[in-house]
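*Asks:*
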Ligand SMILES: Nc1ncnc2c1ncn2[C@@H]1O[C@H](COP(=O)(O)OP(=O)(O)OP(=O)(O)O)[C@@H](O)[C@H]1O
Ligand SMILES: [Mg+2]
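In my numbering, the protein residues as written are 10 to 241.
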């Protein structure tokens, strides 16, 4: 369970810009949540705060009861894996293979298990042909797939996906949606793609100006007045 209590996040040295204010949410591990909201509503900030990549200004986030404080640097036991909105923020090793395998290697996963999981992931995302390429030479969609692979291969308990289908061509998008749909685990998916949200998710959380504006079933997506009020 991810528990978010009175979470506020401000950016800037003296916290001039409020990105999230007083957010309260409880999200169970198996839930498939679409996180939607207009540009700047706070979706990416919320995902970054959940995995601890940015500190809370006040309030708290805990994952499976483990508190998250400003002091901790890593994910609580690597429980939450975030696919960043911009793949350039994620890929940092020279080659695709090294980048995707980085998490497994730094968590001392055995060579045999690493090879097995790598092969499976490269095959499922159809990116085996990219494995020896330099990351910075990939196209936008190729970078996206490599970044997704690096997180999925870790099999995190909580999967946080920030616009994961952006840059993907229709075929890659279908493959990716099918892959997500086949996962037993839940995920939180920040997206502007309402088709993907409706197809994959059972819960919809709408953010507006840093606050939870609505939280409910996928019926929210069909509520035109509500979507309009949310700036969507
Ligand atoms: N590093 C930063 N420094 C200052 N302000 C920031 C920073 N990152 C985000 N913000 C601001 O915080 C607010 C929330 O941004 P956030 O990126 O979380 O929105 P979002 O819902 O993910 O938007 P989008 O749909 O465009 O991805 C915005 O007003 C944004 O300008
Ligand atoms: Mg964003």
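Glycine included, C-beta positions come from ideal geometry on N, C-alpha and C.
1) Among the candidates 47, 146, 15, 48, whose CA atom is the shortest distance from the CA of residue 34?
2) Let's test the definition: count the other Cβ atoms within 10 Å of the Cβ of residue 125 and tell me whether it reaches 16, buried, or not, exposed.
3) Looking only at DSSP bridge pairs, what is residue 191 linked to?
4) So, at 6 Å on beta carbons, what are the nonlocal neighbours of residue 224 in its own chain, with the 5 sequence-adjacent residues on each side left out?
5) Considering only residues of the same chain and omitting the five flanking positions on each side of residue 136, which have a CB-CB separation below 6 Å?
6) Are there 16 or more other CB atoms within 10 angstroms of the CB of residue 221, so buried, or fewer, so exposed?
7) In chain order, what residues of the same chain have a beta carbon less than 6 Å from the beta carbon of residue 68, not counting five sequence neighbours either side?
8) Please list the terminal residues of the continuous beta strand (DSSP E) segment that includes residue 220.
9) On the DSSP letters alone, give me the boundaries of the alpha helix (DSSP H) that residue 217 sits inside.
10) Who pairs with residue 19 in a beta bridge, going by DSSP?
11) Any residue with its Cβ nearer than 5 Å to a heavy atom of ligand 1 should be included. What is that list in chain order?
*Replies:* Short version:
1) Closest by alpha carbon: 15.
2) Looking at its Cβ environment, which holds fewer than 16 other Cβ atoms inside 10 Å, residue 125 is exposed.
3) When beta bridges are read from the DSSP output, residue 191 appears opposite no residue.
4) Within the same chain, residue 224 has close Cβ partners 214.
5) These residues qualify, in order along the chain: 154.
6) Burial is judged here by how many other beta carbons sit within 10 angstroms of a residue's own beta carbon; residue 221 has at least 16 and is buried.
7) Same-chain partners within the cutoff: 14, 15, 16, 17.
8) Boundaries of the beta strand (DSSP E) around residue 220: 220-225.
9) Element bounds for residue 217: not the alpha helix (DSSP H) but the beta strand (DSSP E), 212-217.
10) Answer is 27.
11) Ordered by chain, the residues meeting the criterion of a beta-carbon within less than 5 Å of a non-hydrogen atom of ligand 1 are 20, 26, 28, 48, 49, 50, 51, 52, 53, 54.
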